[in-house]
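Novice:
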Amino acid sequence: MSTELPPKYEPQILEPRVTERWLSSKAFAATPDDRDDRYVVMMPLPNVTGALHMGHAMDNVMQDLLIRWHRMQGHNSLWQAGTDHAGIATQAVVEKRLKEIEGKTRHDIGRDALVARIHDWAATSQKRIRGQQQAMGCSCDWDRARFTMDDVCARAVRQTFFAMFRDGLIFRGNRLVNWDVALQTAVADDELYKETVQGKFHYLRYPVLAPQAGEPTHVLVATTRPETMLGDTAVAVHPDPASAMQKAIAEQRQKVAEAPAKEKAAAEAELERLLQRAQDVLPALVQIAAMARAGRKVQLPLVGRSVPILADEWADPSLGTGCVKITPAHDPNDYAVWQRHPEIGAVVMLNADGTVNQHGGAYQGLDRFAARKRIMADLEQQGLVEKVEDRAIEVDHSDRSKTIVEPYLSKQWFVRMADVDGGVVMGRGTAKEFRGKGLAQVALDATAGTLPPFADGTKRKAVGFHPDPERYRKMYDQWLAEKRDWCISRQLWWGHRIPVWRGDMPAQQLLMLEPMLAGQLQRDDVAAWILLPDGTRLSVKDAFAHLKGPNAPTSVEVQVCFRDAAADASIGAMLQGVGLSLDPDVLDTWFSSALWPHSTLGWPHPDSAKVDAGQTPLGKAPGRPDALSYYYPGSCLVTGRDIITLWVARMVVTGLYNLGDVPFTDVFLHATILDGKGERMSKSKGNGIDPLDIIARYGADALRYVVCELQTGTQDIRLPVAAISPFTKPGEPERLVDLATAKPGPYLGTFLDPETKQPMDLIGQYGKEGITPAKATSERFVVGANFCNKLFNAARFAFLNLTGKPFQALQPQQLALEDRWILSRLQVAITAVHGHLAGYNPSAAIGAARDFFWNELCDWYLEMIKPRCREGAALEARATAEQVLAAVLDQTLRLLHPFVPFLTETLWSKLRELAPVRGVQAPFAGNELADDELLVQAAWPTGDAAWRASEVEQQIAAMQQWCVAIRETRARYQVPPKDRLVARFQASGADAAVLQAAAPLLAHMSGLGEVQIAADAQRTKDSATVVLGASKAFLLGVVDLAKEQAKLQKEADKLCSQIGGIEKKLGNEGFVAKAPPAVIEKERQSLAALQAQLAGIEQSLRELG
RNA sequence: GCACCCGUAGCUCAGCCGGUUAGAGCACUUCGCUUACAUCGAAGGGGUCGUCCGUUCGAAUCGGACCGGGUGUACCA
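Residue numbers (the working numbering): 160 to 1264.
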């Protein structure tokens, strides 16, 4: 393929061409083969809700970096791409659009139609995401891309659910969940965010039933959510308020005593408040506690229900009114109280949509907030409101609907994370099977390295975090240590439906059905449970026995799950016939993403996995293993720290549960991208910017370069973003608007242009609202574009000089000093880049590559060989330079490829054309290249220690020092660059030898016309002096006595202070006695060197004076 | 409230298992289109490493307290 290199670096033209080449040649395809070295990265699957932002760009670039690096190392490398159906998020987006565009709700169009629409939306979104990823250069095997709702993943979900259900790890329970009333579903704690709202604190009086003389007539309670009173089933008071109060006061006294001066006043005020309270409030509380013990009740206002006064320690006499209303169905703490006092019962007073239900009497049908107002008004009228205070309250909001969530008692499905009596069989039926204590515990064992060994005695691999192994492991461990049950049901339509047939039936009916059911329900591919009214769960066999016994209940619940989805249609129909129905809920989206590392590979049966047309089959092929056995377990998971618990931990759990092995050994946690204000970039904040905006302006390579450079350790990355104002008139210069300071516009993700005051849409979502879209940019990426431009031009220079002479292996003696130098430096660079990548430090890696390329190859080597490349130069010297240049450029392109793949791929094509075989001497770094067509598949540089030449490096380093010093002098005297100076060096011994060897280079690089070297060289009156160590250089014809004196004096002063410092240190007895000898020796040496230099300068000063 | 992270040049960040004169890029100043590259080259200026105290022969680096910023998590009747 002939490539005409354009005269200028234009990524916008070059990058799409490269993408096309990669894709059409299937350069990223991964196929199981006989290589033992493999590298597998599972892409953190983006949600199909929309487009990617810079946070994703970071994530994707890091993965691509690792994958390309390993692929070049010859490892069989798979980067598994795909997308997540993102249940709630996606359904919310589509429902919102449905409402906006057609004015309909999901109920208007029905379940099937809604799901169909979401599928369409997902397809569009997937296309867009893939386009973005390909534009960024992501080298995923696109023919293996999966979707969490596709057949392959769906089967894995089904199998996992079935197995966990059968093992008793999945159960249905009545629990308090976070309820999103807008989306009408349970949401996980992780899907919430806090927001402070201005609320009120209402003090309510509940009348005491039949108060006796001297008793309070009311119990005073306080709440921020008065409408929940409709669900109250008790009021609580501390069983012994007096001593609790005393304890609180004593503790506060202690605090006052220990408080630092600054906090003393506040602590004292609090103590004062408590003391006051002990007088004002406590007596009544003591009475009420006595009433509680006597079993007295209060009347719930408006509702008329009588509820008990309960003695429970939850009621803290030092807080609120000292008494607390108990609403078990709508408050987590009250729920806990109910668990301790089951007799009070729980009343759910809300419908799923947030309106008051039948338990609310007159308020039935009102929205929760309308009900709040009405209830307060009515209570006010009845004189039952003591007072109302304003109060700022932090309230949980649903991240998806942005509405306030309600704690809500409902039946949900859970995965048991806690330890289980008898343990849990992990990897059942596999060669890796073992028994763990429980799901959370095995995931803890995985990071602790305490998983049991495999059957053959080899150690099971652990999971480790990088680049800081401790920091985020803590987060992972802490979260798992709670072993909280995982609520997996969502009341949505978009997602994997919970595959359980269930229903209540009279025990007698079940017994009658025994002949029909017993066989069907006790097959290997069916899991069934019979639940007794007290919650006991029995196997089918036990249940039939129990129901025939003396204590048989009258009614039971039956739950049935089939391993294979096909059975839902066949046997399911029969179940329907006897009154069971398929659970309407769907699974939490993380349930399917938790399986990602193995579901994508065809688990449980890759041979029969049904992939889409055009996709790579997952099963065995002749002579090849299947995808699952070859690519599982994988290697590295690359992600941000925010989903360690949600996703990373759960993948470890399901990997161990289903396959008996961890899904990956390394977790690379990259930095979080922040905006100019230091806030996390995210879609929901509207501050995420599209990587395509950056690519359009600077190119994908520039984007990648900068993203790599920014990824240092765990430090978050601040990325100041500007909008390109769309309101400039033609001909006007471009105007950038800093988004950190710009005023926000009317919608999330919109900003006001400060000049025109018009709103701009940065996320491209407000076309309908008539807001002008604006592209985002960030000056940070200029650096990347500059680098690419430099690389482009350096290569162009090389190409101009590669004359197409055939490759001939060179012998070391043919090489010039600078040739040996650059080859030696190249080895250093190769080692450094490789080491930094291995240490998960992309910034240091690209820094090392950059320093070599720019500061050594461009700034020195290319300049040094220019004389040899000119027309008329000695032919052999020229040919040698060209050959070294071709080899070094070749290695440099390889080294840079994982970072800036598009440009290096382009240049590689041209290099291959001009120098089909490159190298220096056989064998050099395995690159006598009758080569790979694409750089993607070329070999990663491994370096060759034989080319290290430290004495050459020292010589060139000395030459460079002279050169810099001479240039500095020239600059100070403003010597025109074209002037060739005569330099007279006063040097002897090794110094003189180095100068002699490097004289031509030095002359060329520092603009010298003549170089004289002699031990007794003398200064002429009109020369400037450069002192380096024990040697001197006199630059003839540069005169300015005063300037010269000042400069030398300044240097002398500096040296004196340095020498003073070291002398002081060496004079310090403690230092000499205690510091390590090596350190002392180092100090002595530098002292000697500095003194020699100072002596030289002083002598020069005397000569001047 | 608890936990974790961060505070180094105007900006964004390295360095931080203690050891000469604290680095890079951008920005800034001066000079230069010597033709691979002005998206460049050469040279230069700029920091009491948040504050205080301690450990040490020696602290940007270790410990403590404080100040400032952020993140996570709990609680808020």
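Each residue gets a CB set at the ideal place from its N, CA and C atoms; glycine is no exception.
Does DSSP put serine 1190 in a helix, a strand or coil?
Specialist: Strand, per DSSP.
Novice: Give every residue of the same chain whose Cβ lies closer than 7 Å to the Cβ of leucine 1187, excluding the five residues on either side of it in the sequence, and list them in chain order.
Specialist: Correct list, in chain order: Gln1120, Trp1121 and Ala1124.
Novice: Taking valine 1059 and cysteine 1215 to be in contact with their CB atoms under 8 Å, please state how far apart those CB atoms are, rounded to whole angstroms.
Specialist: In fact, because the Cβ distance is near 47 Å, the residues do not count as touching under 8 Å.
Novice: Taking Cβ to Cβ, would you say proline 889 is nearer than 8 Å to serine 937?
Specialist: No, Cβ-Cβ distance for proline 889 and serine 937 is not below 8 Å.
Novice: Are there 16 or more other CB atoms within 10 angstroms of the CB of methionine 671, so buried, or fewer, so exposed?
Specialist: When all chains shown are included, methionine 671 counts as exposed.
Novice: Hey, could you find the ends of the beta strand (DSSP E) glutamine 343 is sitting in?
Specialist: First-last for glutamine 343: undefined, no H or E at that position.
Novice: Quick one: is isoleucine 552 buried, meaning 16 or more other Cβ sit within 10 Å of its Cβ, or exposed?
Specialist: It is exposed - the Cβ of isoleucine 552 has fewer than 16 other Cβ atoms within 10 Å.
Novice: Are at least three pairs of beta-carbons, each pair with one atom in the region 188 to 200 and one in the region 306 to 317, less than 8 Å apart?
Specialist: Short answer: they don't touch.
Novice: Exposed or buried, which one is asparagine 1086 when buried takes at least 16 other CB atoms within 10 Å?
Specialist: Residue placement at asparagine 1086 is poorly supported in this model, since its pLDDT is 45, which falls under 50; the coordinates are not used for a value here.
Novice: Just checking, does the region 336 to 356 make contact with the region 499 to 513 on the three C-beta pairs under 8 Å criterion?
Specialist: The answer is yes - the region 499 to 513 touches the region 336 to 356, with three or more Cβ pairs under 8 Å.
Novice: Going by the CB atoms, is the gap between methionine 231 and alanine 1008 shorter than 8 Å?
Specialist: Not closer than 8 Å, so no.
Novice: Buried or exposed for glutamate 641, please, with buried defined as at least 16 other CB atoms from any protein chain shown within 10 angstroms of its CB.
Specialist: Its Cβ having fewer than 16 others within 10 Å, glutamate 641 is exposed.
Novice: Taking serine 1109 as the reference, give the member of Trp980, Leu669, Ala1004 and Asp1150 with the closest Cα.
Specialist: For the residues Trp980, Leu669, Ala1004 and Asp1150, the minimum Cα distance to serine 1109 belongs to Trp980.
Novice: Cα separation between asparagine 219 and cysteine 297?
Specialist: Spanning the two alpha carbons is a distance of roughly 7 Å.
Novice: Rounded to the nearest angstrom, what separates glycine 129 and alanine 975 at their Cα positions?
Specialist: Since the first residue of the chain shown is 160 and the last is 1264, residue 129 is not available in this structure.
Novice: Would you report the Cα separation of alanine 753 and tryptophan 806, rounded to the nearest angstrom?
Specialist: The straight-line gap from Cα to Cα measures roughly 6 Å.
Novice: Any chance you could list the beta strand (DSSP E) runs of at least 3 consecutive residues sitting entirely within the region 538 to 599, in chain order?
Specialist: Correct list: 544 to 557, 565 to 574, 578 to 585 and 593 to 597.
Novice: Tell me which same chain residues have a C-beta within less than 8 Å of the C-beta of valine 987, skipping the five on either side of it?
Specialist: Same-chain partners within the cutoff: Phe1011 and Arg1107.
Novice: Can you tell me the Cα-Cα spacing of aspartate 727 and histidine 244, whole angstroms?
Specialist: Straight-line Cα distance between these residues: approximately 23 Å.
Novice: In whole angstroms, what separates the C-alpha of arginine 436 from that of glutamine 517?
Specialist: Rounded to whole angstroms, arginine 436 to glutamine 517 spans 39 Å at the Cα level.
Novice: Report the three-state DSSP secondary structure of glutamine 157 (helix, strand or coil).
Specialist: Summary: the structure shown does not reach residue 157, with the chain confined to residues 160 through 1264, and so no result is reported for it.
Novice: Where in the region 687 to 774 do unbroken runs of the alpha helix (DSSP H), each at least 4 residues long, occur, reported from the N-terminal end onward?
Specialist: Qualifying alpha helix (DSSP H) stretches, in chain order: 699 to 707, 725 to 736, 748 to 752 and 755 to 758.
Novice: Excluding five sequence neighbours on each side, which residues of the same chain lie with their C-beta closer than 7 Å to the C-beta of phenylalanine 624?
Specialist: Taken in chain order, the residues that qualify are Tyr631, Arg632, Val826 and Leu828.
Novice: Note down, one range per segment and in chain order, each alpha helix (DSSP H) of at least 4 residues found wholly within the region 442 to 504.
Specialist: Segments of the alpha helix (DSSP H) lying fully in the region 442 to 504: 491 to 499.
Novice: Enumerate in chain order the residues of its own chain whose CB-to-CB distance from serine 415 is below 6 Å, with the five nearest sequence positions on each side excluded.
Specialist: In the sequence as presented, serine is not what sits at residue 415; that position holds valine. Cβ within range, chain order: Ala426, Glu427 and Leu430.
Novice: Using beta-carbon positions only, say whether glycine 847 and glutamine 571 come within less than 8 Å of one another.
Specialist: Going by C-beta atoms, glycine 847 is not nearer than 8 Å to glutamine 571.
Novice: Considering aspartate 1150, what are the terminal residues of the alpha helix (DSSP H) in which it resides?
Specialist: Residues 1148 to 1165.
Novice: Does the beta-carbon of methionine 202 have 16 or more other beta-carbons within 10 angstroms, so that it is buried, or is it exposed?
Specialist: Burial call: buried.
Novice: State the Cα-Cα distance for the pair valine 396 and leucine 441, rounded to the nearest angstrom.
Specialist: Taking the straight line from one Cα to the other gives about 11 Å.
Novice: Mind checking arginine 722: buried by the 16 CB within 10 Å criterion, or exposed?
Specialist: Buried: at least 16 other Cβ atoms inside 10 Å.
Novice: Any idea what DSSP makes of aspartate 243, helix, strand or coil?
Specialist: Strand at aspartate 243.
Novice: Alpha carbon to alpha carbon, what distance is there between alanine 882 and glutamate 914?
Specialist: Distance between the alpha carbons of glutamate 914 and alanine 882: 13 Å.
Novice: When DSSP labels each residue in this structure, what does valine 1059 get in the three-state scheme?
Specialist: It is coil, neither helix nor strand.
Novice: Are the beta-carbon atoms of leucine 1104 and glycine 1078 separated by less than 8 Å?
Specialist: The sequence given here places alanine at residue 1104; leucine does not occur at that position. The answer is no: Cβ separation not under 8 Å.
Novice: State the DSSP-derived secondary structure class of isoleucine 329, mapped to helix, strand or coil.
Specialist: Of the three classes helix, strand and coil, the one that applies to isoleucine 329 here is strand, per DSSP.
Novice: How big is the Cα-Cα spacing for glutamate 179 and valine 812?
Specialist: Taking the straight line from one Cα to the other gives about 39 Å.
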